[in-house]
Structures are given as C-alpha cells and as structure tokens.
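Engineer: Each residue of the sequence shown is one higher than the one before, starting from 10 at the first, in our numbering.
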Amino acid sequence: MTPSRPTGRRILTGGALAMLLLLSGCAEFEAPPAPNSAPTTFAPPLPARATEIEAGAPASATAQPDCGDPTASLRPDPDPALRVGPTIDAIRARGRLVVGLDTGSNLFSFRDPQTGTIQGFDVDIAREIARDLLGDPNLIEYRTLGSADREEALMNHTVDIVAKTMTITCARRQHIDFSTVYYKAAQRVLAIADGGTGTPSIDGIGDLADRRVCVVNGTTSMQHIQQYQPAAALLTVPNWADCMVALQQRQVDAISSDDSILAGLAVQDPYTRVVGDPISAEPYGIGIAQNQTDLVRFVNATLDRIRTDGTWNALYDRWLTVLGPAPGPPAPRYLD
Ligand code: GLU
Numbered sequence: 010m011t012p013s014r015p016t017g018r019r020i021l022t023g024g025a026l027a028m029l030l031l032l033s034g035c036a037e038f039e040a041p042p043a044p045n046s047a048p049t050t051f052a053p054p055l056p057a058r059a060t061e062i063e064a065g066a067p068a069s070a071t072a073q074p075d076c077g078d079p080t081a082s083l084r085p086d087p088d089p090a091l092r093v094g095p096t097i098d099a100i101r102a103r104g105r106l107v108v109g110l111d112t113g114s115n116l117f118s119f120r121d122p123q124t125g126t127i128q129g130f131d132v133d134i135a136r137e138i139a140r141d142l143l144g145d146p147n148l149i150e151y152r153t154l155g156s157a158d159r160e161e162a163l164m165n166h167t168v169d170i171v172a173k174t175m176t177i178t179c180a181r182r183q184h185i186d187f188s189t190v191y192y193k194a195a196q197r198v199l200a201i202a203d204g205g206t207g208t209p210s211i212d213g214i215g216d217l218a219d220r221r222v223c224v225v226n227g228t229t230s231m232q233h234i235q236q237y238q239p240a241a242a243l244l245t246v247p248n249w250a251d252c253m254v255a256l257q258q259r260q261v262d263a264i265s266s267d268d269s270i271l272a273g274l275a276v277q278d279p280y281t282r283v284v285g286d287p288i289s290a291e292p293y294g295i296g297i298a299q300n301q302t303d304l305v306r307f308v309n310a311t312l313d314r315i316r317t318d319g320t321w322n323a324l325y326d327r328w329l330t331v332l333g334p335a336p337g338p339p340a341p342r343y344l345d
C-alpha cells in the first residue's frame with residue numbers, strides 16, 4: 010500500500026532522526042529542564058502619567074466659589090447682521106476656527122476607525138458654529154486637549170473654543186467664559202457587570218469605599234468622587250480611554266465620570282455597565298476665553314438656532330441614543 014503523504018513524511022522524519030542518532034553515537038535525548046512550577050505573572054503597566062492617591066487623602070480641588078447660576082450666559086443679538094466684533098473678525102480673517110477637544114472620547118469626539126476623521130456630538134456642535142461663522146462646517150482646525158488642559162488652552166489663546174464635555178462651574182468661570190448649556194450630563198459609576206472575578210458587584214458610589222476608582226485629572230469627576238466618597242483610593246490618568254484600559258486590566262474596580270462619557274466607554278466593552286444614581290449635575294458649555302463677548306454671543310446664537318431648527322435633536326439621534334430617548338435641547342439661561 011502506498012502511504013499517504015503525511016504518513017510518508019513522518020516515516021521520513023523518523024528515519025532521518027534515527028540516522029542522526031546513529032551518526033552522533035547518542036542513544037538517548039537529554040531530558041529538557043522541568044518547567045518552573047511557580048507560575049510567573051507580570052503586572053500590566055499603568056497608563057503614562059498615572060498617579061495613585063490613597064483613600065482619605067486631602068482633596069486636590071479648592072472650594073467652589075459662589076457665582077450665582079454659572080450656566081447663565083450672554084444673550085445673542087437677534088439681528089444676525091449685528092453679530093460682529095473683534096474676535097469674530099480675527100477668526101474670519103484667519104479662515105478657520107481652532108477647536109480644542111479630545112480625540113479618544115467615544116460619542117463626543119473620536120476618530121472614525123475607518124476614515125480617521127474626528128467626529129461625535131461635540132464635533133458636530135463645533136461644526137455648526139463654524140458653519141455660521143465661516144459659511145462652511147469643515148473650516149475647523151482641531152487641537153487635541155486633555156481634560157486638565159482645557160482652561161489653559163483658552164487662557165493662552167491656543168484655541169478659539171473648547172468643545173470637550175466641559176462642565177460649566179463657578180470655579181472655571183473665574184478664568185474662562187462659557188456659552189449657554191448645550192447638553193446636561195450627570196456623574197455616575199462604570200463597573201464590571203457582575204463585580205468581575207469573584208468580587209462583590211458595585212452598584213453605585215456607596216460601594217466604592219475601600220475600592221480603587223479611576224478618574225481623569227482636572228475634572229469635576231475627580232472633585233466629586235473626593236467629595237462624596239473620600240474612602241475610595243484613586244488612580245488619576247490623563248484621559249478617559251486610559252481609565253477604560255485600567256478597568257479592563259483590573260487595575261481599578263470602577264470609573265466615575267459623566268454618564269455621557271461612561272456610556273461611550275460601556276458600548277466598547279459588554280462586560281461593563283453604568284450603575285448607581287447620579288451624584289451631580291454636569292451642564293456642558295462651549296468654553297471661550299474671557300473678554301471675547303462677541304464670540305460668546307455668536308456661539309449662543311448658533312446654539313439657539315440648533316435648538317429650534319431640529320439640528321440638536323438630529324445630532325442627539327445620530328450620536329447619543331445609547332443614553333435613552335432624546336430629552337430635547339436644554340433651555341438657555343441668559344444674564345442680560
Ligand atoms: N464634565 C467633566 C469636566 O468637565 C469631565 C469631562 C472630561 O473630562 O472631558 O470636568
């Protein structure tokens with residue numbers, strides 16, 4: 010019988026081996042060294058610029074100053090022809106709007122995995138501003154910012170506006186201005202669905218005592234977790250995508266931030282879920298440098314337009330339905 014090819018190859022291999030042993034005069038193989046019985050595990054590295062903060066450490070944030078309602082902003086001029094001023098002239102002369110945002114914040118500002126273009130709810134809000142200001146939503150230059158860099162970028166005028174899930178607060182208003190509110194988020198917790206490997210599940214901020222929680226530096230999320238759950242140890246990192254990796258590597262037990270940001274992380278990992286009651290209100294505004302009232306009023310005119318012409322609802326339906334049915338655009342509050 011003719012042997013099939015594989016068997017023939019085995020016979021040949023066996024024959025070659027026997028010949029080799031004969032030639033080398035060696036009757037036996039030396040036994041390979043026994044594997045080390047203690048399994049070796051390597052701790053995954055922490056994200057770059059990660060900092061560990063022990064439970065009970067003094068909160069880094071200073072007390073919130075009282076500025077009344079921080080979400081009240083400047084009223085847009087009803088006559089579009091009068092929406093002018095030096096900041097607007099300078100942006101028009103340059104021919105593009107410089108927008109500070111994050112490029113790894115799923116749903117709000119992130120790269121399309123196939124085309125590489127930056128997109129999301131915040132991106133589309135910025136595009137609407139560029140549409141009204143420059144006649145073309147594409148006339149934007151993006152500058153990537155970490156959460157902790159947002160105020161400084163405006164104060165240094167390295168960006169015209171910040172469109173990055175930025176909560177309007179009295180503390181921030183000491184250094185920068187804001188548009189009216191364009192989205193209302195609330196801080197919650199993201200945890201592993203059943204607590205992960207053998208650990209009790211986390212169902213809200215109350216379960217975070219003696220646990221490790223990831224937050225991004227320079228955020229209201231970090232301030233609130235220190236304020237409402239001081240018994241949690243913190244890992245602080247530069248952006249929310251870093252927190253997701255830390256959770257997946259079980260370097261932390263949970264992440265706490267705005268429900269909008271957490272929802273964008275949760276859709277990327279079916280083992281995670283957003284839990285617990287909201288612990289704070291996070292009204293988002295477009296950040297603008299101080300003393301640029303023409304730009305504040307102009308941006309507020311665009312936000313008014315998209316609230317009433319259906320654009321806001323269309324953008325919600327495009328990006329945010331994972332957060333539930335469209336709540337409708339937040340009503341603006343004005344100072345004047
Ligand atoms: N809304 C929070 C803040 O403005 C978190 C947003 C973020 O880190 O992008 O601090």
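For glycine and all other residues, C-beta sits at the position ideal for the given N, C-alpha and C.
(1) Confirm the yes/no value for this check: CB of Trp328, any heavy atom of the ligand GDP, distance under 8 Å.
(2) Looking at C-alpha atoms only, which residue of Ser269, Pro341, Phe119 is the closest neighbour of Gly333?
(3) May I ask you to report which of helix, strand or coil DSSP gives Cys223?
(4) Is Lys193 near the ligand GLU, going by C-beta to nearest heavy atom under 8 Å?
(5) Thinking C-beta only, is Tyr151 closer than 9 Å to Thr96?
(6) Note down, in chain order, each residue of its chain lying with its Cβ closer than 6 Å to the Cβ of Ser289, except the 5 sequence neighbours on either side.
(7) Could you give the distance in angstroms between the alpha-carbon of Gln73 and the alpha-carbon of Cys179?
(8) At the level of alpha carbons, what is the spacing between Pro54 and Leu163?
(9) Less than 8 Å between the CB of Met175 and some heavy atom of the ligand GLU, yes or no?
(10) Per DSSP, what kind of secondary structure is Val168 in: helix, strand or coil?
(11) Spatial neighbours of Arg314 within its chain, please: CB distance less than 8 Å, with the 5 preceding and 5 following residues excluded, ordered by chain position.
(12) Please classify Asp251: is it buried, with 16 or more other beta-carbons within 10 angstroms of its beta-carbon, or exposed?
(13) Taking 8 Å as the cut-off, is the beta-carbon of Thr229 closer than that to any non-hydrogen atom of the ligand GLU?
(14) Going by the CB atoms, is the gap between Thr208 and Asn226 shorter than 9 Å?
(15) So within the region 318-345, which uninterrupted alpha helix (DSSP H) runs reach at least 4 residues, ignoring any that extend past its ends?
(16) Residues in the same chain with beta-carbon distance under 8 Å from Ser82, minus the five sequence neighbours each way, listed in chain order, please.
(17) In whole angstroms, what is the alpha-carbon distance linking Arg220 and Gln257?
(18) Give me the Cα-Cα distance between Gln236 and Ala172, rounded to the nearest whole angstrom.
(19) What distance in whole Å lies between the Cβ atoms of Ser265 and Val331, which are believed to be in contact at a cut-off of 8 Å?
(20) What does the alpha-carbon distance come out to for the pair Pro287 and Ala102?
(21) For the beta strand (DSSP E) holding Tyr192, just list the boundary residues, first then last.
Structural biologist: Per the coordinate set shown:
(1) The ligand GDP is not among the ligands present in this structure, which contains only the ligand GLU.
(2) By one-based count along the sequence shown, residue 333 stands at place 324. Closest by alpha carbon: Ser269.
(3) Numbered from 1 along the sequence shown, position 214 holds the residue referred to as residue 223. In the structure shown, Cys223 sits in a strand (DSSP, three-state: E or B).
(4) The sequence position of residue 193 within the sequence shown is 184, counting from 1. No - the ligand GLU has no heavy atom lying nearer than 8 Å to the Cβ of Lys193.
(5) Sequence index remark: in the sequence shown, residue 96 carries index 87 (1-based). Sequence index remark: in the sequence shown, residue 151 carries index 142 (1-based). It is not a contact, given that the beta carbons lie outside the stated cut-off.
(6) Within the sequence shown, residue 289 is the residue found at index 280, counting from 1. Within the same chain, Ser289 has close Cβ partners Gln196, His233.
(7) By 1-based counting over the sequence shown, the position of residue 73 is 64. By 1-based counting over the sequence shown, the position of residue 179 is 170. Roughly 7 Å separates the two Cα atoms.
(8) Position 45 of the sequence shown holds residue 54. Position 154 of the sequence shown holds residue 163. One C-alpha to the other measures close to 33 Å.
(9) For the purposes of this step, residue 175 is identified with residue 166 of the sequence shown, where counting begins at 1. Yes, the Cβ of Met175 comes within 8 Å of a heavy atom of the ligand GLU.
(10) Here residue 168 corresponds to residue number 159 of the sequence shown, with the count starting at 1. Here Val168 sits in coil by DSSP.
(11) For the purposes of this step, residue 314 is taken as the residue at position 305 of the sequence shown. Closer than 8 Å at the Cβ level, and outside the excluded window around Arg314, lie Glu137, Asp141, Thr320.
(12) If you number the sequence shown from 1, residue 251 lands on position 242. It counts as buried.
(13) In the sequence shown, residue 229 corresponds to position 220, counting from 1. A distance criterion of 8 Å places the beta-carbon of Thr229 in contact range of the ligand GLU, judged by its closest non-hydrogen atom.
(14) As a working mapping, residue 226 is identified with position 217 in the sequence shown. As a working mapping, residue 208 is identified with position 199 in the sequence shown. No, these two residues do not count as a Cβ contact at 9 Å.
(15) 320-328
(16) Counting from 1 along the sequence shown, the entry for residue 82 is found at position 73. Same-chain partners within the cutoff: Asp186, Phe187, Ser188, Thr189, Gly294, Val305, Asn309, Pro341, Arg342, Tyr343, Leu344.
(17) Counting from one through the sequence shown, the residue named residue 220 turns up at place 211. Counting from one through the sequence shown, the residue named residue 257 turns up at place 248. Annotation: Arg220 to Gln257 spans about 15 Å, alpha carbon to alpha carbon.
(18) Here the question's residue 236 lines up with position 227 in the sequence shown. Here the question's residue 172 lines up with position 163 in the sequence shown. Straight-line Cα distance between these residues: approximately 26 Å.
(19) As a first step, residue 331 must be located in the sequence shown, where it is residue number 322. As a first step, residue 265 must be located in the sequence shown, where it is residue number 256. Not quite, the Cβ-Cβ distance comes to about 19 Å (not below 8 Å), so this is no contact.
(20) Along the sequence shown, read from residue 1 onward, the residue named residue 287 stands at position 278. Along the sequence shown, read from residue 1 onward, the residue named residue 102 stands at position 93. Going by the C-alpha atoms only, they are around 44 Å apart.
(21) Your numbering for residue 192 matches position 183 in the sequence shown. Tyr192 -> beta strand (DSSP E) spans 185-201.
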